[in-house]
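Residue numbers for the sequence shown follow the numbering used here, so the first one is 6 and each next one is one higher. The structure appears right after this line, and notes come after that.
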Amino acid sequence: MAENSVDFIKNPAELEAWDKQYVWHPFTQMRDYVEEPTLMFARGEGAYLYDIHGKRYFDGNSSLWVNLHGHARPEINQAIEHQASRLAHSTMLGPANVPASELARRLIDLAPDGLSKVFYSDNGSTAVEVALKMAFQYWRQKQSPDMKRCSFITFKESYHGDTLGSVSVGGIGLFHGLFKPLLFETHAVPYPVYSKYANPEGPAAVASRSLEAVEAELKRRAGECAAVIIEPVVQGASGIRTQAPGFLKDLRRLCDEYEILLICDEVFTGFGRTGSMFACELEGITPDLMTLAKGISGGYLPLAATLAIQKIYDAFLGGYHEFRAFFHGHSYTGNQLACAAALASLDLFESDRSLERMKPAAARLEARLDALYDQSDRVGDIHHLGLIAGIDLVKSRARAEAYPIEDKMGAKVCFALRERGVWLRPLGNTLVFIPPLITTPDEIDFVIDAIEDAMANVLG
Ligand SMILES: Cc1ncc(COP(=O)(O)O)c(C=O)c1O
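Put into structure tokens, the structure is as follows:
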């Protein structure tokens, strides 16, 4: 398709007016939104999005961290079309379906050893709800039941989704605080946030401080908690906070020692962004439950999966009249179109050699971030892993002076980036850069050049 080809859009002004009149956007202050220029995408190609006027933007957000192999990949389009011509959807409450069966086998092949069952749902939040309910029910139905296991150990500042169970195990005051009266009890411990720029003491010291706190909490509470839930290796929505390497392995050891389940929420980290297929692989661990969503369908269709070890699955087996089944499911659980897209995405990991091919871009990103940190006092800290980066903007690093949140500096820099052909969505005053896996080193340069330019322009 030609670069500016959005000629199928007949009346852009009317579409923008309908959006402002009728649509309520997620995580958006609508009073500001209706006053601002609309950004409406009409098509995508590779790592680029085109708005309804034909302007091109690099998708540095991977469309909320979901896109892996680029937009409008013919291989995924064809897989969806092919599946649609056979069967778009039939329920999984009872019957099986062809692509869901094939996908489950491939996910178990790829996942850390020991995970053996796949339970489908529709998005990251529901994958987490499923994991929490499975963990809770497991203790009640295992051979010697333990009815005291009613709560969860969580990490401060974590984000696991927006449904009330996943909000209960979240820890971001701004998103979750208001709903406290509706939430179940959890016990939060510090996440071992580590960046090579801001932590000269090294990762081991950071990890061991957090592990001490985890162990103290486990000593007090393991007997009343169903599971520990963590975003492995990096917290996403708290502002991209990388974890001290080595921590996850020790957390697994502690969970075994204190006999508590470990849930790894790989909704964000799964499918390659960290440089490995799954973050758990980086520390060679197997969680008892693992949640997947976002990149699972290559960024095409809503799909999620909760993977479980055999011991958990077995606790749900029994006679029909015992009602030990997992009474949970959604209308579109295991949807065929989404599963077909996911299979095509896994094929692309092989034919594109995605994990190998992303390495030069990840290395270029690290080199450019190192330089940015060195040259700019406006950068407070940077967190980076694979093709994930969070750049914290501050008034002055030397004077440890932050921007007031109401100055909206993150949003202003991202707005300036739009003019430079880059689409990023900030988290407060953190610039979040999460490009698709197909990004080239030259495209990394293009985006970081644009960030430097926009920062100079907006922040001075
Ligand atoms: C780690 C993690 N878990 C769960 C979720 C929720 O996923 P969804 O937005 O698909 O409900 C997110 C979303 O950002 C996430 O980063």
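Where is the CB? At the ideal position from N, CA and C, for every residue including glycine.
For ALA363, three-class secondary structure by DSSP: Along the sequence shown, read from residue 1 onward, the residue named residue 363 stands at position 358. Reading the sequence as shown, one finds Met at residue 363 and not Ala. In this structure, MET363 counts as coil in the three-state DSSP scheme.
N-terminal and C-terminal residue of the alpha helix (DSSP H) that GLU286 is part of: For this step, residue 286 is matched to residue 281 along the sequence shown. 284 to 287 is the span of the alpha helix (DSSP H), which, as asked, contains GLU286.
Any non-hydrogen atom of ligand 1 closer than 7 Å to PHE273 Cβ: Within the sequence shown, numbered from 1, the residue matching residue 273 stands at position 268. PHE273: yes, Cβ under 7 Å from ligand 1.
Neighbour-count burial assignment, LEU69, 16 or more Cβ in a 10 Å radius: To locate residue 69, count along the sequence shown from 1; it is residue 64. Exposed, since its Cβ has fewer than 16 Cβ neighbours within 10 Å.
Whole-angstrom distance between LEU422 and CYS492, CA atom to CA atom: Lying outside 6 to 465, the shown extent of the chain, residue 492 is not represented and no answer is given.
Run of the beta strand (DSSP E) containing GLY395, from where it starts to where it stops: Numbered from 1 along the sequence shown, position 390 holds the residue referred to as residue 395. 393 to 398 is the span of the beta strand (DSSP E), which, as asked, contains GLY395.
Contacts around GLU288, its chain only, beta-carbon distance under 6 Å, and the 5 residues preceding and following it disregarded: Locating residue 288 in the sequence shown gives position 283, counting from the first residue. Same-chain partners within the cutoff: LEU253 and LYS254.
Inter-residue CB distance, ALA309 and GLY129 (contact presumed, cutoff 8 Å): Within the sequence shown, the letter at position 304 stands for residue 309. Within the sequence shown, the letter at position 124 stands for residue 129. Confirmed, about 6 Å.
Validate contact between the region 402 to 416 and the region 425 to 439 using beta carbons, cut 8 Å, 3 pairs: Because the criterion of three Cβ pairs below 8 Å is met, the region 402 to 416 and the region 425 to 439 touch.
Contact test: SER433 Cβ vs ligand 1 heavy atom, cutoff 7 Å: As a first step, residue 433 must be located in the sequence shown, where it is residue number 428. Looking at the sequence provided, one finds Gly at residue 433 rather than Ser. Outside the cutoff, so no.
Cross-strand partners of MET295 (DSSP beta bridge): For the purposes of this step, residue 295 is taken as residue 290 along the sequence shown, with counting starting at 1. The partner list for MET295 (beta bridge, DSSP) reads CYS269 and LEU312.
Closer than 7 Å: ASN128 CB and nearest ligand 1 heavy atom: The count along the sequence shown starts at 1 and reaches residue 128 at position 123. In terms of side-chain proximity, the C-beta atom of ASN128 is found nearer than 7 Å to a non-hydrogen atom of ligand 1.
Buried versus exposed call for LEU322 [16 or more other C-beta atoms within 10 Å across all chains shown]: Within the sequence shown, numbered from 1, the residue matching residue 322 stands at position 317. Exposed is the call here.
Rounded straight-line distance, which links the Cα of VAL427 to that of GLY228: In the sequence shown, counting from the first residue as 1, residue 228 sits at position 223. In the sequence shown, counting from the first residue as 1, residue 427 sits at position 422. Going from the Cα of GLY228 to the Cα of VAL427 covers about 50 Å.
Secondary structure, alpha helix (DSSP H): runs of 4+ residues fully inside the region 49 to 75: Counting only runs of 4 or more, we get 67 to 70.
Residue of GLU262, SER149, SER381 and LEU267 minimising C-alpha distance to ILE453: Counting from one through the sequence shown, the residue named residue 453 turns up at place 448. Residue SER381 is the option with its Cα nearest to ILE453.
Those residues which DSSP pairs with CYS230 across a bridge: For this step, residue 230 is matched to residue 225 along the sequence shown. Partner(s): SER156.
Through-space distance from GLU424 to ASP24, alpha-carbon basis: Residue numbering aside, residue 24 sits at position 19 when the sequence shown is read from its first letter. Residue numbering aside, residue 424 sits at position 419 when the sequence shown is read from its first letter. Between ASP24 and GLU424, the C-alpha separation is close to 21 Å.
Presumed contact (8 Å Cβ cut-off) between ALA320 and TYR143, rounded CB distance: Indexing the sequence shown from 1 puts residue 320 at position 315. Indexing the sequence shown from 1 puts residue 143 at position 138. That belief holds up - the Cβ atoms of ALA320 and TYR143 are roughly 5 Å apart, short of 8 Å.
Under 8 Å between C-beta atoms of GLY303 and LEU353: Stepping through the sequence shown from its first residue, residue 303 is reached at position 298. Stepping through the sequence shown from its first residue, residue 353 is reached at position 348. Yes, these two residues count as a Cβ contact at 8 Å.
PRO441 versus LYS316: straight-line alpha-carbon distance, rounded: Along the sequence shown, read from residue 1 onward, the residue named residue 441 stands at position 436. Along the sequence shown, read from residue 1 onward, the residue named residue 316 stands at position 311. Each residue's alpha carbon lies about 36 Å from the other.
Own chain, CB closer than 6 Å to ALA249, minus 5 neighbours either side, in chain order: Here residue 249 is taken as the residue at index 244 of the sequence shown, counted from 1. The residues are PRO197, TYR199, PRO208, VAL211 and ALA212.
Sub-8 Å separation of THR191 and VAL239 beta-carbons: For this step, residue 191 is matched to residue 186 along the sequence shown. For this step, residue 239 is matched to residue 234 along the sequence shown. No, these two residues do not count as a Cβ contact at 8 Å.
Proximity winner among THR168, ILE396, GLU217 and GLU86, relative to ALA345 (alpha-carbon distances): Here residue 345 is taken as the residue at index 340 of the sequence shown, counted from 1. ALA345 has its Cα closest to that of GLU86, out of THR168, ILE396, GLU217 and GLU86.
C-alpha distance - ARG402 paired with VAL384, whole-angstrom precision: As a working mapping, residue 402 is identified with position 397 in the sequence shown. As a working mapping, residue 384 is identified with position 379 in the sequence shown. So the alpha carbons of these two residues sit roughly 6 Å apart.
Member of GLU107, ASP118 and GLY241 whose CA lies at the smallest distance from the CA of GLU162: The sequence position of residue 162 within the sequence shown is 157, counting from 1. Checking every option, the nearest Cα to that of GLU162 belongs to GLY241.
Distance cut-off 7 Å: GLU134 Cβ against heavy atoms of ligand 3: In terms of ligand content, the structure shown lacks ligand 3 and carries ligand 1 instead.
Every unbroken beta strand (DSSP E) inside the region 323 to 347 [3 residues or more]: If we require 3 residues or more, the region 323 to 347 turns out to have no beta strand (DSSP E) run fully inside it.
Beta-bridge partners of SER126, as assigned by DSSP: If you number the sequence shown from 1, residue 126 lands on position 121. Beta-bridge pairing links SER126 to ALA309.
Proximity test, GLU236 beta-carbon vs ligand 1 heavy atom, cut-off 7 Å: Reading the sequence shown from its first residue, position 231 is the one you call residue 236. The answer is yes for GLU236.
Reduced DSSP secondary structure (H/G/I, E/B, other) of ALA193: Here residue 193 refers to the residue found at position 188 of the sequence shown. The answer is strand: DSSP assigns ALA193 an E or B state.
Straight-line gap, THR445 to ALA231 (C-alpha atoms, nearest Å): Along the sequence shown, one-based indexing puts residue 445 at 440. Along the sequence shown, one-based indexing puts residue 231 at 226. Whole-angstrom Cα-Cα distance: 43 Å.
Beta strand (DSSP E) segment containing ILE387, residue limits: Translated into positions along the sequence shown, residue 387 becomes position 382. Counting along the chain, the beta strand (DSSP E) containing ILE387 begins and ends at 384 to 390.
Selection from ARG373, ALA218 and THR247 that minimises the alpha carbon distance to ASN204: As a working note, residue 204 is residue 199 in the sequence shown. The residue with the shortest Cα to Cα distance from ASN204 is THR247.
Span separating the alpha-carbon of ARG373 from that of LEU92: Your numbering for residue 373 matches position 368 in the sequence shown. Your numbering for residue 92 matches position 87 in the sequence shown. Roughly 47 Å separates the two Cα atoms.
Distance between THR159 and MET139 (C-alpha atoms, nearest Å): Numbered from its first residue, the sequence shown carries residue 139 at position 134. Numbered from its first residue, the sequence shown carries residue 159 at position 154. Each residue's Cα considered, the two are about 16 Å apart.
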